[in-house]
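In the working numbering, the protein residues as written are 1478 to 1583.
Below you can see the structure in the form of structure tokens.
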């Protein structure tokens, strides 16, 4: 059965940290729980979505939060891709036991 993993790309327009206007920040929330500022990888949502597509991600939904005050904007891009198959469990070698192991015989 095919299993999926999900990620979230968030685009946020917010007051700049240097108080000189506005900045757009992109944050990637990965399937492993990681949160990464990916702003340096592109300046548009399209650039980030194309980059994610190159890594096998597919856009499945987009949402916007219009309730933010002022000129703030928040867009969420929901993505999914097939989860990599888990490797088969490692087989234990059976044989003569561990080297140097002593046994008692009676």
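Beta carbons: idealized from backbone N, C-alpha and C, even for Gly.
Secondary structure at residue i, three-state DSSP: helix, strand or coil?
{"i": "residue 1559", "result": "strand"}
{"i": "residue 1514", "result": "strand"}
{"i": "residue 1493", "result": "coil"}
{"i": "residue 1488", "result": "strand"}
{"i": "residue 1553", "result": "strand"}
{"i": "residue 1536", "result": "strand"}
Please report how far the alpha carbon of residue i lies from the alpha carbon of residue j, in whole angstroms.
{"i": "residue 1561", "j": "residue 1505", "result": "19 angstroms"}
{"i": "residue 1559", "j": "residue 1531", "result": "14 angstroms"}
{"i": "residue 1536", "j": "residue 1527", "result": "10 angstroms"}
{"i": "residue 1519", "j": "residue 1478", "result": "35 angstroms"}
{"i": "residue 1564", "j": "residue 1512", "result": "26 angstroms"}
{"i": "residue 1481", "j": "residue 1510", "result": "15 angstroms"}
{"i": "residue 1501", "j": "residue 1523", "result": "13 angstroms"}
{"i": "residue 1541", "j": "residue 1550", "result": "8 angstroms"}
{"i": "residue 1514", "j": "residue 1567", "result": "36 angstroms"}
If residue i sits next to residue j, beta carbons under 8 angstroms apart, how far is it from one beta carbon to the other, in whole angstroms?
{"i": "residue 1539", "j": "residue 1552", "result": "7 angstroms"}
{"i": "residue 1503", "j": "residue 1516", "result": "5 angstroms"}
{"i": "residue 1484", "j": "residue 1508", "result": "6 angstroms"}
What's the call for residue i, buried or exposed, on a 16-neighbour Cβ count within 10 Å?
{"i": "residue 1529", "result": "buried"}
{"i": "residue 1499", "result": "exposed"}
{"i": "residue 1554", "result": "buried"}
{"i": "residue 1486", "result": "buried"}
{"i": "residue 1556", "result": "buried"}
{"i": "residue 1534", "result": "buried"}
{"i": "residue 1584", "result": "Nothing in the structure corresponds to residue 1584, since the chain is present only between 1478 and 1583."}
Less than 7 angstroms between CB atoms is the rule here; does residue i satisfy it with respect to chain B?
{"i": "residue 1511", "result": "No chain B is part of this structure, which consists of one protein chain only."}
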